[in-house]
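Undergrad:
Number of protein chains: 2
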Amino acid sequence: MVTPQKSAHAPTISQVADAAGVSRSSVSRAFSKPHMLREDTVQHILSVAGKIGYVPNHTARALSTGRHGNVALIVPDIANPFFPPLIQAAQKRADLSNFCVFLGNSNEDRGQEDKLLDRFVSQVEGVVLVSSRLSEERIKYHAARRPLVLINRDVSGIPRVLIDSGKGVAEAVRHLADLGHVHIVYVSGPRQSWSDRQRRKAVNEAGATHGLKISMIHAAVPTYEAGRQVAPDAVATGATAVIAFDDLVAQGIMAGLAQQRVKIPERMSVVGCDDVLGAATYPALTTVSNRSIEAGETALALLFELLRAQTMSDMRHVLSTELVVRDSTAAPALRQLP
Amino acid sequence: MVTPQKSAHAPTISQVADAAGVSRSSVSRAFSKPHMLREDTVQHILSVAGKIGYVPNHTARALSTGRHGNVALIVPDIANPFFPPLIQAAQKRADLSNFCVFLGNSNEDRGQEDKLLDRFVSQVEGVVLVSSRLSEERIKYHAARRPLVLINRDVSGIPRVLIDSGKGVAEAVRHLADLGHVHIVYVSGPRQSWSDRQRRKAVNEAGATHGLKISMIHAAVPTYEAGRQVAPDAVATGATAVIAFDDLVAQGIMAGLAQQRVKIPERMSVVGCDDVLGAATYPALTTVSNRSIEAGETALALLFELLRAQTMSDMRHVLSTELVVRDSTAAPALRQLP
DNA sequence: CTGTTAGCGCGTTCAC
DNA sequence: GTGAACGCGCTAACAG
């Protein structure tokens, strides 16, 4: 039998005070502002507290100070491999400042995101919204209630960290042009995605610069399966190289191509985005770095700065990306066999 | 400029009371026990509250009631694809009961895990520990402070949810035996892992049952890279099939084999575990299902039951697994070409 | 340096 | 059905 002693009330500050023969404020200080007490009284109090098994009550402290030592981190889909490293980094950074993080999963749903925010607001000091699906209006509403930092969402007036995949994608286009490709296809991602807009724009612009023909195909959702399904369409465009919205889609495309016996990279070059797969595909995927870890760290650093300064000029931190060349790209076959 | 109005205090229950011309207790009741008030006064209070923008203060309520509406979920490595679905499921289940979840990442470090627990204890009503690295003693200590449920850790007396991969692994061995394999190799995972012990035991026992020769190889960490590195060793054993600790290792092995031009499944069959990759490998990986989603749901259901009942008989919920046959296993080549 | 006095915002007795 | 008083555990003034 398990009998959690909920009733066996945890020791309070008063009990420690009595046992140590001091006032409650002294006990409080011994824990939060030891430098205000004499060295030996601190030791005495701490030892008595330890004996009794006293642990400061976080909730009571928060009610009194308004400081909870918690931040909220909301992502659209924790199962998407893009986010875990970001979350981990954010967590690590928070821990450094002795903060705990509430993780929220909006499930790509703005209603859910709104609801989470409401539930969190009264127990956190700040919020980080990653790839928010909220309207600008709602974002501003929440930002007015609590310090708030955005990742991969560009709302002027709200501190934000942007991963600019544009540069990396442009490099990818150039890389392909250098290899001798003259026709490439971009497989786009979610319409509402800020990132997709960046990438599409970069493909078009860089394509124009290098005089390439650009085709566009749309993958409804950024998943392996969606990628697999559009693979034939990609081949049908006549392009000799494909740039996918992200690595998952790229991986699906590679599988689809393999099914059709289209050799990679000989007959078709493939480029991913976000580098979430590492070299774990075969052939190893050429992709665009993501810097999501730095994004997580930076967002929290920004948030803590906001908390400290109480005010902050319109911050817009952009992280650049670059191409990571592996084995899924090569010169097009036709050029090699003149 | 951004100026979060920390000082623009959120509306309190008193302000609502004044504005609505009722006492504070009435406002309190309107939110927590509406049935104790007349229908129209509830409506009135609620509408006034909405107009003012009042939101009940979670912290104050928790201090008063001892109920926070939060649970802690601690995992060893959020970036391991095994956990996100579990976390997501747990979150969904918690949301159903209007609970928020604190996510903790122990980073495979028991010290960190202990520290997280201490930080969480005073702001959560219960805890779920996934694949805990803590000693039994510490687990029992924490379980005595708060209702606690374990996932993939078997400590008698503590409610626990176990994913028994043993059955699925046994099926895998049998599957290979049926295909005609007579010598297989198991690539093991972390020594401290409860799951690895289950799997190794199952391989040995099922191997004996079917009269197979079993070799053992150890991958220091369960990663793609570790798998890739041991691939040659797996070939060197002379086995015609390999069962890997998990899908990541299996994927690494597949890459390593491909480098050596060892065809899969013709020259070597590969079986993974946990089914975290879906069919996203090429060839699609035969693996053992994981049921981590149910584990997450069940653990939270158990926890809420514990919270409700205040006591619970020694619960040990085990989830069985099964083999998922895809394309990475086949009859050994030697048998096919007599 | 240390003790005293007020709250933080809310839920919960009790009377009315 | 509704209001007044008290307490949850702690910290922030203010004394001394």
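Residue numbers (the numbering used here), protein chains in the order written: chain G, 581 to 918; chain S, 581 to 918. Don't be surprised by glycine CBs; every beta carbon is placed ideally from N, CA and C.
1) When the Cα atoms are used, what is the spatial distance from T867(G) to A821(G)?
2) In chain order, what residues of the same chain have a beta carbon less than 8 angstroms from the beta carbon of G649(S), not counting five sequence neighbours either side?
3) Jot down the residue ranges of each uninterrupted beta strand (DSSP E) in the region 738-791 of chain G, minimum 3 residues, whole runs only, in chain order.
4) Mind checking the region 627-643 of chain S against chain G and listing, in chain order, the residues whose C-beta falls within less than 8 angstroms of any C-beta there?
5) For the region 615-684 of chain G, which segments carrying the beta strand (DSSP E) assignment without a break, of at least 3 residues, lie completely within its bounds, in sequence order?
6) Cβ of D598(G) less than 7 angstroms from any chain S Cβ?
7) Quick test of the definition: if touching needs 3 or more C-beta pairs under 8 angstroms, does the region 793-803 of chain G touch the region 757-771 of chain G?
8) From L837(G) to F682(S), what distance separates their C-alpha atoms?
9) On a Cα-Cα basis, can you pick out the residue from V735(S), R699(S), V710(S), V701(S) that is closest to E716(S)?
10) How is the alpha helix (DSSP H) around V596(G) delimited, first residue to last?
11) Do L730(G) and L709(G) have their beta-carbon atoms positioned less than 7 angstroms apart in this structure?
12) Give every residue of the same chain whose Cβ lies closer than 8 angstroms to the Cβ of T592(S), excluding the five residues on either side of it in the sequence, and list them in chain order.
13) Output the distance between the C-alpha atoms of L903(G) and E874(G), rounded to the nearest integer angstrom.
14) Can you find the residues in the same chain that come closer than 7 angstroms, C-beta to C-beta, to A669(G), ignoring five residues on each side of it along the sequence?
15) Grab me the residues of S603(S)'s own chain with a C-beta within less than 7 angstroms of its C-beta, minus the 5 sequence neighbours each way, in chain order.
16) Does the Cβ-Cβ distance between G787(G) and V753(G) come in under 7 angstroms?
17) Can you check which of these residues, A599(G), A811(G), L882(G), M892(G), is closest to Q840(G) by C-alpha distance?
18) Given a cut-off of 7 angstroms on the beta-carbon distance, is the pair D826(S) and D854(S) in contact?
19) Note down, in chain order, all residues in the region 669-684 of chain G with a beta-carbon under 9 angstroms from any beta-carbon belonging to chain S.
20) Given a threshold of 16 other Cβ atoms within 10 Å of its Cβ, counted over all protein chains shown, does M848(G) qualify as buried or as exposed?
21) Indicate whether A674(S) and V651(S) have their beta-carbon atoms separated by less than 7 angstroms.
22) Smallest Cα separation from A830(G): which of G818(G), F884(G), E846(G), Y862(G)?
23) Compare the C-beta of A830(S) against all C-beta atoms of chain G and say whether one is closer than 7 angstroms.
24) Any idea if H615(G) is buried or exposed, counting beta-carbon neighbours within 10 angstroms, 16 or more meaning buried?
25) Does S872(G) come out as helix, strand or coil in the three-state DSSP assignment?
26) For chain G, find out if any of its Cβ atoms is closer than 7 angstroms to the Cβ of S775(S); answer yes or no.
27) Does chain S have any CB closer than 7 angstroms to the CB of Y862(G)?
28) Only counting the same chain, and skipping five residues up and downstream in sequence, which positions put a Cβ closer than 8 angstroms to that of Q778(G)?
29) Name the residues in the region 690-722 of chain G whose C-beta lies less than 9 angstroms from a C-beta of chain S; which are they?
30) P912(G) versus chain S: which residues are under 9 angstroms apart at the beta carbon?
31) From the DSSP output, read off the bridge partner residues of M796(G).
32) Quick check: what's the CA-CA separation for G852(S) versus R726(S)?
33) Are E619(S) and P656(S) close, meaning C-beta to C-beta below 7 angstroms?
34) Figure out for me which residue from R906(G), Q595(G), A600(G) has the closest Cα to the Cα of L756(G).
35) Determine which residues of the region 809-841 of chain G have a Cβ less than 7 angstroms from any Cβ of chain S, and write them out in chain order.
36) Using C-beta distances below 7 angstroms, list every residue in its chain close to D894(S), excluding the 5 sequence neighbours before and after it, in chain order.
TA: Inspection of the coordinates gives the following:
1) Each residue's alpha carbon lies about 13 angstroms from the other.
2) Excluding residues within five positions, the ones whose Cβ falls inside 8 angstroms are H638, A642, N678, F679, C680, E705.
3) Runs of the beta strand (DSSP E) inside the region 738-791 of chain G: 740-744, 763-768.
4) Residues are counted here when their Cβ sits less than 8 angstroms from a Cβ of chain G; for the region 627-643 of chain S these are V635, P636, N637, H638, T639, A640, A642, L643, given in chain order.
5) Listed in chain order, they are 650-655.
6) Judged by the 7 angstroms Cβ criterion, D598(G) is not in contact with chain S.
7) Yes: the two stretches touch, three or more of their Cβ pairs being nearer than 8 angstroms.
8) The straight-line gap from Cα to Cα measures roughly 42 angstroms.
9) Its Cα nearest to that of E716(S), the residue V735(S) stands out among V735(S), R699(S), V710(S), V701(S).
10) It spans 593-600 - the alpha helix (DSSP H) in which V596(G) sits, taken as one unbroken run.
11) Cβ distance < 7 angstroms, so L709(G) and L730(G) count as in contact.
12) Residues Y634, N637 of the same chain have their beta carbon placed closer than 8 angstroms to that of T592(S), with the five preceding and five following residues left out of the count.
13) Taking the straight line from one Cα to the other gives about 17 angstroms.
14) Taking A669(G) as the centre and dropping the five residues before and after it, the same chain places the C-beta of I873, G876, E877 closer than 7 angstroms to its C-beta, in chain order.
15) Take S603(S), set aside five residues on each side of it, and the residues of its chain with a beta-carbon closer than 7 angstroms to its own are A597, in chain order.
16) Yes; because the gap between Cβ atoms is below 7 angstroms, this pair is in contact.
17) Of A599(G), A811(G), L882(G), M892(G), the residue nearest in Cα terms is A811(G).
18) It is a contact, given that the beta carbons lie within the stated cut-off.
19) Of all residues in the region 669-684 of chain G, Q671, K672, D675, N678, C680, V681, F682, L683, G684 have a Cβ within less than 9 angstroms of some Cβ in chain S.
20) M848(G) is classed as buried because its beta carbon has at least 16 other beta carbons within 10 Å across all chains shown.
21) Cβ atoms of A674(S) and V651(S): closer than 7 angstroms.
22) Nearest option by C-alpha distance: Y862(G).
23) Chain G, which has no Cβ nearer than 7 angstroms to the Cβ of A830(S), makes this no.
24) Classification of H615(G): exposed, given that the 10 Å Cβ count is below 16.
25) When secondary structure is reduced to three states using DSSP, S872(G) falls in the helix class.
26) No, because no Cβ of chain G sits closer than 7 angstroms to the Cβ of S775(S).
27) Yes, because at least one Cβ of chain S sits closer than 7 angstroms to the Cβ of Y862(G).
28) Result list for Q778(G): D744, S745, G746, V749, in chain order.
29) Residues passing the 9 angstroms Cβ filter: Q692, K695, L696, D698, R699, F700, V701, S702, Q703, E705, G706.
30) For P912(G), no chain S residue has a Cβ inside 9 angstroms of its Cβ, as the nearest lies near 22 angstroms away.
31) For M796(G), the beta-bridge partners assigned by DSSP are Y766(G).
32) Roughly 36 angstroms separates the two Cα atoms.
33) No, Cβ-Cβ distance for E619(S) and P656(S) is not below 7 angstroms.
34) If we check each option's Cα against that of L756(G), R906(G) comes out closest.
35) Taking a C-beta cut-off of 7 angstroms against chain S, the contacting residues of the region 809-841 of chain G are Q831, A835, A838, listed in chain order.
36) Residues of the same chain with a CB within less than 7 angstroms of the CB of D894(S), apart from the 5 flanking positions on each side, are S736, G737 in chain order.
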